[in-house]
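Here the structure is laid out as structure tokens; the discussion comes afterwards.
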Amino acid sequence: MDGELVRRGLARSRRHAAELVAAGRVTRAGTVLTKPSTAVGPEDLVEVTPDPHDPGYASRAAFKLAGVLDALDAAGRAGSAEAGGLPRAPVVDGARCLDLGASTGGFTDVLLRRGAREVVAVDVGHDQLVPALRADPRVVVHEGLNVRDLSPEHVGVVPDVVVGDLSFISLAMVLPAVAGVVGPGTDLLLLVKPQFEVGRERLGSGGVVRDPALHVEVVAAVARHAALVGLRPIAVVPSPLPGPSGNREYFWWLRAGDPGRADGAAFEDEALEGAAAQAVAWQPGPDGGPPPVVAVARTVGPSAELSTEPPDRPSAAAVPPPAPHAAPGVPETTDRPLTGGAA
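The sequence shown begins at 1316 in the working numbering and counts up one residue at a time.
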């Protein structure tokens, strides 16, 4: 049935079709269907109940990135120098973007709706990006490409914003390649999935990591690896949605700068672990409120060399409830030639 929903234009992808079925929104001749594998003939009357709250994103994952961008935007609007020290949120409007692990295109969809000038969509799989995004002239598709093999030639110019939602691989394995295609000031929002960071021997039943201490460990470890390749940890934000199996996930907001040093990374260990612990401790409320933006405490000393925050960017406070985002137009931007390094 999932394939038939896609063929009829009732679902954007087979994954989306499965989500519609799981939500009880698909009927055949008035009967709610409960399994994506249900046989449906071309003559069967199949209907999908509209969801007035569904903006029609390419995938469920889009809500993760949209929620985090809203939280960061809200932090910027509330900015005050004494509350967190965050720079202005990543600016998507008019940006050249890179989407790592694009899959069906949930993150790409969010970026385009918020005014991205271009999105380079990279995925190791094939034929997953929904047709509407594949046909969009602002999208450059690289399929069958492992992020570990990413090179400047794939990206073309230095991206302003990098987003990532990778599965079945640790971020520590891809960060060196990612650092090689960004430049000073590039903002990165990378999703940390503890189930792919802890190692198979420490996974719980159903592939879910339940020990909060393991979450803190891997979230801090990813930031430590990032700092060593010149990607400065700015803040960590819990994903507003869990993974499909219920795993809690977290976004690291990183900013590219100078290559890190071992002494600088060690200097920030306590700050990284503290930020990770705060993010892991957050629990979504019954009203589905916004996640917190947990800034990495500023330090003085060697690690300060990793910062490339523009001097005119204001600081930001803790996150209030975000206002609805209105996507502005796409202004002209200046492309930065890609040199192949983060330095």
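Yeah, the Cβ is synthetic: ideal placement off N, Cα and C, and Gly gets one too.
Owing to the predicted nature of the structure, the values given are computational and were not obtained by experimental measurement.
Could you pull the start and end residues of the alpha helix (DSSP H) that Pro1491 belongs to? Indexing the sequence shown from 1 puts residue 1491 at position 176. Start and end: Leu1486 to Ala1494.
Going by CA-CA distance only, name the one from Thr1346, Leu1587 and Val1435 that's closest to Glu1362. Here residue 1362 refers to the residue found at position 47 of the sequence shown. Among Thr1346, Leu1587 and Val1435, the Cα nearest to that of Glu1362 belongs to Thr1346.
Hey, could you find the ends of the alpha helix (DSSP H) Leu1543 is sitting in? Here the question's residue 1543 lines up with position 228 in the sequence shown. Pro1527 to Leu1543 is the extent of the alpha helix (DSSP H) around Leu1543.
As assigned by DSSP and simplified to three states, the class of Arg1343: Mapped onto the sequence shown, residue 1343 falls at position 28. It is a strand residue.
Residues of its chain near Pro1661, where Cβ-Cβ distance is below 6 Å and the 5 sequence neighbours each way are ignored: The structure shown does not extend to residue 1661, since the chain spans only 1316 to 1658, so no value can be given for it.
Hey, how far is the Cα of Asp1480 from the Cα of Gly1318? Taking the sequence shown and counting its residues from 1, one reaches residue 1480 at position 165. Taking the sequence shown and counting its residues from 1, one reaches residue 1318 at position 3. Computed Cα separation, rounded: 24 Å.
Compare the Cα-Cα distances from Ala1337 to each of Ala1326, Arg1329 and Pro1351 and report the closest residue. For the purposes of this step, residue 1337 is taken as residue 22 along the sequence shown, with counting starting at 1. Nearest C-alpha to Ala1337 among Ala1326, Arg1329 and Pro1351: Pro1351.
For Val1595, which of helix, strand or coil comes out of DSSP? Reading the sequence shown from its first residue, position 280 is the one you call residue 1595. Residue state, collapsed to three classes: helix.
In chain order, what residues of the same chain have a beta carbon less than 7 Å from the beta carbon of Val1524, not counting five sequence neighbours either side? Within the sequence shown, residue 1524 is the residue found at index 209, counting from 1. Correct list, in chain order: Pro1509, Gln1510, Val1513, Leu1518, His1530 and Asn1562.
State the Cα-Cα distance for the pair Asp1686 and Leu1448, rounded to the nearest angstrom. Here the chain covers residues 1316 to 1658 and nothing more, so residue 1686 does not appear.
Using the beta-carbon count (16 or more within 10 Å), is Leu1360 buried or exposed? Stepping through the sequence shown from its first residue, residue 1360 is reached at position 45. Burial check for Leu1360: the Cβ neighbour count within 10 Å stays below 16, so the residue is exposed.
Going by beta carbon distance, what residues of the same chain come within less than 7 Å of Val1445, once the five residues before and after it are set aside? Counting from 1 along the sequence shown, the entry for residue 1445 is found at position 130. Contacts found: Arg1327, Ser1328, Ala1373, Thr1419 and Gly1420.
So, at 8 Å on beta carbons, what are the nonlocal neighbours of Leu1335 in its own chain, with the 5 sequence-adjacent residues on each side left out? In the sequence shown, residue 1335 corresponds to position 20, counting from 1. Closer than 8 Å at the Cβ level, and outside the excluded window around Leu1335, lie Leu1320, Leu1325, Ala1326, Val1341 and Val1363.
Given a cut-off of 9 Å, decide if Ala1492 and Val1466 are closer than it, judged by their beta-carbon atoms. The residue labelled residue 1466 in the question sits at position 151 within the sequence shown. The residue labelled residue 1492 in the question sits at position 177 within the sequence shown. Position check: residue 1466 holds Ser in this sequence, whereas Val was assumed. Yes, the pair counts as a contact, with Cβ atoms nearer than the cut-off.
Just reading off the beta strand (DSSP E) that Asp1414 is part of, what are its end residues? Along the sequence shown, read from residue 1 onward, the residue named residue 1414 stands at position 99. It spans Arg1411 to Leu1415 - the beta strand (DSSP E) in which Asp1414 sits, taken as one unbroken run.
Can you tell me whether His1441 is helix, strand or coil according to DSSP? In the sequence shown, the residue the question calls residue 1441 occupies position 126. Assigned with DSSP and collapsed to three states, His1441 falls in coil, not helix or strand.
Residues in its own chain within less than 8 Å of Glu1588 by CB, not counting five upstream and five downstream? Within the sequence shown, residue 1588 is the residue found at index 273, counting from 1. Excluding positions up to five away in sequence, the list reads Val1531 and Ala1535.
Euclidean distance between Cα positions of Ala1591 and Asp1442: As a first step, residue 1591 is located in the sequence shown; it is residue number 276 there, counting from the start. As a first step, residue 1442 is located in the sequence shown; it is residue number 127 there, counting from the start. About 36 Å.
In this structure, does DSSP put Glu1319 in helix, strand or coil? Locating residue 1319 in the sequence shown gives position 4, counting from the first residue. Note: Glu1319 maps to helix in three-state DSSP.
Identify every residue that forms a DSSP beta bridge with Ala1566. For this step, residue 1566 is matched to residue 251 along the sequence shown. The question names Ala, but residue 1566 in the sequence shown is Phe. Beta-bridge annotation (DSSP): Phe1566 is paired with Leu1506 and Val1552.
Apart from the five residues just before and just after Asn1461, which ones in its own chain have a Cβ nearer than 8 Å to its Cβ? The sequence position of residue 1461 within the sequence shown is 146, counting from 1. So the list reads Val1439, once near-sequence residues are dropped.
Could you say which of Arg1323, His1469 and Val1537 lies nearest to Glu1358 if we only look at CA atoms? For the purposes of this step, residue 1358 is taken as the residue at position 43 of the sequence shown. Of Arg1323, His1469 and Val1537, the smallest CA-CA separation from Glu1358 is found for Arg1323.
Rounded C-alpha distance that separates Val1507 from Asp1464: Along the sequence shown, one-based indexing puts residue 1507 at 192. Along the sequence shown, one-based indexing puts residue 1464 at 149. When rounded, the distance between both Cα atoms is 20 Å.
To which residues does DSSP link Arg1547 through a beta bridge? Along the sequence shown, read from residue 1 onward, the residue named residue 1547 stands at position 232. DSSP, once it has assigned bridges, lists Arg1570 as partnering Arg1547.
For Val1377 and Asp1475, which I take to be in contact (beta-carbon distance under 8 Å), what is that distance rounded to the nearest angstrom? Here the question's residue 1377 lines up with position 62 in the sequence shown. Here the question's residue 1475 lines up with position 160 in the sequence shown. Residue 1377 is actually Ala in this sequence, not Val. In this structure Ala1377 does not touch Asp1475 by the C-beta definition: roughly 20 Å separates them, more than the 8 Å allowed.
Residues bridged to Val1456 [DSSP beta-bridge criterion]: The sequence position of residue 1456 within the sequence shown is 141, counting from 1. Partner residues in the beta bridge of Val1456, as assigned by DSSP, are Ala1436.
Considering just the uninterrupted stretch of the alpha helix (DSSP H) at Glu1468, what are its terminal residues? The count along the sequence shown starts at 1 and reaches residue 1468 at position 153. Element bounds for Glu1468: Pro1467 to Val1470.
Kindly list the residues whose CB is nearer than 6 Å to the CB of Ala1404, restricted to its own chain and excluding five residues on each side of it in sequence; keep chain order. Along the sequence shown, one-based indexing puts residue 1404 at 89. Closer than 6 Å at the Cβ level, and outside the excluded window around Ala1404, lie Leu1387, Asp1388 and Gly1391.
From Gly1382 to Phe1483, what does the alpha carbon distance come to, in whole angstroms? As a working mapping, residue 1382 is identified with position 67 in the sequence shown. As a working mapping, residue 1483 is identified with position 168 in the sequence shown. Here the alpha carbon of Gly1382 sits roughly 23 Å from the alpha carbon of Phe1483.
Between Leu1546 and Gly1572, what straight-line distance do the alpha-carbon atoms span, to the nearest angstrom? The residue given as residue 1546 occupies position 231 in the sequence shown. The residue given as residue 1572 occupies position 257 in the sequence shown. Straight-line Cα distance between these residues: approximately 6 Å.
Measure the C-alpha to C-alpha separation of Glu1516 and Gly1471 and round it to an integer number of angstroms. The residue given as residue 1516 occupies position 201 in the sequence shown. The residue given as residue 1471 occupies position 156 in the sequence shown. If you draw a straight line from the Cα of Glu1516 to the Cα of Gly1471, it is about 39 Å long.
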